[in-house]
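What follows is a set of notes on a single structure, which appears directly below.
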Amino acid sequence: MNQCERDLHEALRRREPPVGFEAKVLARTTAPHAPGTFSWRWLAVAASVLVIGGTVVIQEQRRAESEKAKEQLMIAFRITGSKVRDIQARLDSIQKRVVYPQLNP
Amino acid sequence: MTKAEFESSVREYQGMVYSIACSFFHNATIAEDVAQEVFLRLYEGHRNVEIGAHCVAWLRRSTVHRCIDTVRRASHGNEISMDPLPDIPVDAPETDPLLQEHVRRLVASLPEKTRAVMVLRFGEDLDADEIGRTLQMPVSTVWSHLQRGTAMIREKSARYMKEKENEPMRTRSS
Chain A
9 MNQCERDLHE
19 ALRRREPPVG
29 FEAKVLARTT
39 APHAPGTFSW
49 RWLAVAASVL
59 VIGGTVVIQE
69 QRRAESEKAK
79 EQLMIAFRIT
89 GSKVRDIQAR
99 LDSIQKRVVY
109 PQLNP
Chain B
2 MTKAEFESSV
12 REYQGMVYSI
22 ACSFFHNATI
32 AEDVAQEVFL
42 RLYEGHRNVE
52 IGAHCVAWLR
62 RSTVHRCIDT
72 VRRASHGNEI
82 SMDPLPDIPV
92 DAPETDPLLQ
102 EHVRRLVASL
112 PEKTRAVMVL
122 RFGEDLDADE
132 IGRTLQMPVS
142 TVWSHLQRGT
152 AMIREKSARY
162 MKEKENEPMR
172 TRSS
């Protein structure tokens with residue numbers, strides 16, 4: 009072994025870890041949500057729930073909006089129908105007076 | 002490996018794992034983080050790791066790969082700084098502490114694969130076959146990394162020694 013190799017052996021010889029290292033490792037293994045043991049599986053599940061929930065909410069909103077639009081359309085038809093009937097009645101009375109005045113003295 | 006065996010493995014091999022990371026980075030904080038991550042990975046897969054030689058090989062391989070990954074990640078972002086390490090060796094023979102510090106810095110500045118080979122050879126006393134098995138590389142590649150690494154360290158150390166010898170003369174002349 010030459011001097012350089014001896015220097016390398018000396019410089020890289022084993023060192024003691026800092027005090028409390030073992031306790032820190034064991035604490036991290038018992039921590040419920042230790043950063044090192046974070047599971048991507050749970051993140052994927054949470055993301056899926058979020059996407060499915062969001063889709064359901066959006067669909068429900070669209071259904072409610074279409075129901076409301078349908079209701080408004082029906083009201084509009086009803087209003088239009090009554091107006092048309094009203095105008096029709098007026099036209100009938102005018103026609104009776106103008107075309108057949110002898111019948112309506 | 003049971004949980005109790007895992008705990009005794011942490012106790013038994015913490016010095017080995019920490020030393021490899023320390024020699025690799027020359028930075029106590031990063032070395033501690035890496036060593037903790039290695040043991041957490043062992044904990045996650047401890048049922049598949051057998052106690053004894055298998056566990057030692059697993060820990061060495063995981064530590065070196067984790068170190069290389071950390072260097073590669075750091076090279077895309079922040080550089081890893083080198084800290085002067087507190088000198089707490091297991092057995093301290095009488096040597097020049099400044100020279101040792103310098104050699105450790107030189108090792109930590111080598112390319113990551115060469116560095117891994119040098120740390121396993123001179124820190125862990127593994128032979129080329131064992132290093133090849135640990136790093137999953139051919140023995141010829143291990144030898145070439147060893148030669149290259151040793152040559153770089155020798156050259157830079159010689160330059161350092163020469164500068165150190167000239168230092169008092171420069172101080173006197175100025």
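In order, the protein sequence lines correspond to chains A and B.
Residue numbering for the first sequence follows this note's numbering, starting at 9 and increasing by one per position.
Residue numbering for the second sequence follows this note's numbering, starting at 2 and increasing by one per position.
All C-beta atoms, glycine included, are put in the ideal place defined by N, C-alpha and C.
Do residue j and residue i have their beta-carbon atoms positioned less than 8 Å apart in this structure?
i      : j      : result
B/C56  : B/M2   : yes
B/V143 : B/G133 : yes
B/C68  : B/V35  : yes
A/R36  : B/L41  : yes
A/L20  : B/F26  : no
B/Y19  : A/R23  : yes
B/S217 : B/R105 : Lying before the first or after the last residue shown, residue 217 of chain B is absent from chain B, which here runs from 2 to 175.
B/Q101 : A/P25  : no
B/I31  : B/T71  : yes
B/S158 : A/C12  : yes
B/E8   : A/L34  : yes
B/L147 : B/V120 : no
B/R61  : B/E125 : yes
A/F29  : B/E33  : yes
B/L111 : B/M153 : yes
A/A32  : B/Q37  : A small correction: the amino acid at residue 32 of chain A is Lys; Ala does not occupy that position in the sequence shown. The answer is yes: Cβ separation under 8 Å.
B/Y161 : B/H103 : yes
My assumption, with CB atoms under 8 Å, is that residue i sits in contact with residue j. Please give the rounded CB distance.
i      : j     : result
B/T135 : B/V65 : 7 Å
B/V39  : B/S63 : 5 Å
Mind checking which residues open and close the alpha helix (DSSP H) that includes residue i?
i      : result
B/R48  : Note, B/R48: premise wrong, no alpha helix (DSSP H); not H, not E.
B/G16  : K4 to F26
A/Q115 : Lying before the first or after the last residue shown, residue 115 of chain A is absent from chain A, which here runs from 9 to 113.
B/F123 : Taken as a continuous stretch (DSSP letters only), B/F123 belongs to no alpha helix (DSSP H), as it is neither H nor E.
B/G176 : Nothing about residue 176 of chain B can be read from this structure; chain B reaches only from 2 to 175.
B/L107 : P98 to A109
Along the stretch 12-37 of chain A, where does the CB come closer than 8 Å to a CB of chain B? Name the residues. Of all residues in the stretch 12-37 of chain A, only C12, E13, D15, L16, H17, E18, A19, L20, R21, R22, R23, E24, P25, P26, F29, E30, K32, V33, L34, R36 and T37 place a beta-carbon less than 8 Å from a beta-carbon of chain B.
Check distances from the C-beta atoms of the stretch 34-49 of chain B to those of chain A and list, in chain order, the residues that come in under 7 Å. Residues of the stretch 34-49 of chain B with a Cβ closer than 7 Å to any Cβ of chain A, in chain order: A36, Q37, E38, F40, L41, Y44 and E45.
Contacting positions in the stretch 114-137 of chain B - beta carbon closer than 9 Å to chain A: Among the residues of the stretch 114-137 of chain B, those with a Cβ less than 9 Å away from any Cβ of chain A are M119, V120, R122, F123, G124, E125 and D126, in the order of the chain.
Anything in the stretch 4-16 of chain B with a Cβ closer than 9 Å to a Cβ of chain A? List those residues in chain order, please. In summary, the residues of the stretch 4-16 of chain B whose CB is separated from some CB of chain A by less than 9 Å are K4, F7, E8, V11, R12, Q15 and G16, in the order they occur in the chain.
To be precise: take each residue of the stretch 96-114 of chain B, compare its Cβ to all Cβ atoms of chain A, and keep it if any distance is under 7 Å. Which residues remain? Taking a C-beta cut-off of 7 Å against chain A, the contacting residues of the stretch 96-114 of chain B are T96, L100, Q101, V104, R105 and V108, listed in chain order.
Using a Cβ-Cβ cut-off of less than 8 Å, give me the residues of the stretch 141-152 of chain B that come near chain A, in sequence order. Those residues of the stretch 141-152 of chain B that come within reach of chain A (Cβ to Cβ, closer than 8 Å) are T151.
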